[in-house]
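Visitor: Numbered per our numbering, the sequence shown finishes at 114, counting up by one with no gaps.
All C-beta atoms, glycine included, are put in the ideal place defined by N, C-alpha and C.
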Amino acid sequence: RHYNYNSQFSSHRRQVKKKKARSDESLLGKTALSALYEFCNKRQRNPVLQQQDLPSQSGFEFTVALDFEEDKTIARGRGSSKTGAKQLASRRALEALLPGVVFDDVSGIVVQLPP
Numbered sequence: 000r001h002y003n004y005n006s007q008f009s010s011h012r013r014q015v016k017k018k019k020a021r022s023d024e025s026l027l028g029k030t031a032l033s034a035l036y037e038f039c040n041k042r043q044r045n046p047v048l049q050q051q052d053l054p055s056q057s058g059f060e061f062t063v064a065l066d067f068e069e070d071k072t073i074a075r076g077r078g079s080s081k082t083g084a085k086q087l088a089s090r091r092a093l094e095a096l097l098p099g100v101v102f103d104d105v106s107g108i109v110v111q112l113p114p
């Protein structure tokens, strides 16, 4: 028998090349920091959170930039704890990258995505 391998493989290649539409549904129920990393990872971006130096006793501050472009800060967060400051900066970054995202006011969990 003679098989036409090229036609079999070319149809397979066409199927592989089709990209699935990105779904951000997996962000629901996650903290701002986790959601930010996942959102960026799906888009092959790298969020960089950097702690800023503040005068003593004035809390903590973090900035968020993408792909090691520290001079292009997209968000900033300040808080009395490192965790709080990091979550706030992540929340603000995700709000800038995904306008319309909604967080729970108490827990900071992503509860709604933009339409």
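Could you check if A34 is buried or exposed, using at least 16 other CB atoms within 10 Å of its CB as the buried criterion?
Guide: Here A34 is buried. Its C-beta has 16 or more other C-beta atoms within 10 Å.
Visitor: What does the Cβ neighbour count give for L27, buried or exposed, with the cut at 16 atoms within 10 Å?
Guide: exposed
Visitor: Within a Cβ cutoff of 7 angstroms, which residues of the same chain sit near F102, ignoring the five residues on either side of it in sequence?
Guide: A31, R90, I108, V109 and V110
Visitor: State buried or exposed for E118, treating a residue as buried only when at least 16 other CB atoms are found within 10 Å of its CB.
Guide: With the chain represented from 0 up to 114, any question about residue 118 goes unanswered, as that position is not in the structure.
Visitor: Going by other Cβ atoms of all chains shown within 10 Å of its Cβ, with 16 needed for buried, is K85 buried or exposed?
Guide: buried
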